[in-house]
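These notes concern the structure reproduced below.
Take a look at the structure:
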């Protein structure tokens with residue numbers, strides 16, 4: 033139940049990472065989606081699905097989110 037609550041937090045992380053990499057601050061979620069690629073896009077799409085209350089496998093979704101967070105921290 034708590035996994036959908038991290039959607040906003042992930043947006044803020046993506047927003048800041050994009051700014052650090054590209055020098056452009058994306059202010060809205062609707063502008064964020066088209067510019068994402070790779071694992072960033074994968075995490076964004078997963079969280080969109082979860083937030084829209086589609087069924088999901090928690091363990092699998094959590095692993096994807098956890099791995100993505102580790103990747104971001106390594107960068």
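In our numbering, the protein residues as written are 33 to 107.
Just so you know, even glycine gets a beta-carbon here, dropped at the ideal spot from N, CA and C.
Just so you know, these numbers come straight off a predicted model, no measurement behind them.
Closest by CA to residue 75, which one among 48, 60, 95 and 57?
95
Proximity winner among 106, 100 and 88, relative to residue 34 (alpha-carbon distances):
Closest in C-alpha terms to residue 34, from the list 106, 100 and 88, comes 88.
Report the rounded CA-to-CA distance for residue 103 versus residue 84, giving the unit in angstroms.
25 Å
I'd like the span of the alpha helix (DSSP H) that includes residue 39, first residue to last.
39-54
Can you list, in chain order, the residues of its chain with a C-beta nearer than 7 Å to that of residue 62? Leave out the 5 residues immediately preceding and following it.
Excluding residues up to 5 positions away in sequence, nothing lies with its Cβ nearer than 7 Å to the Cβ of residue 62 in the same chain.
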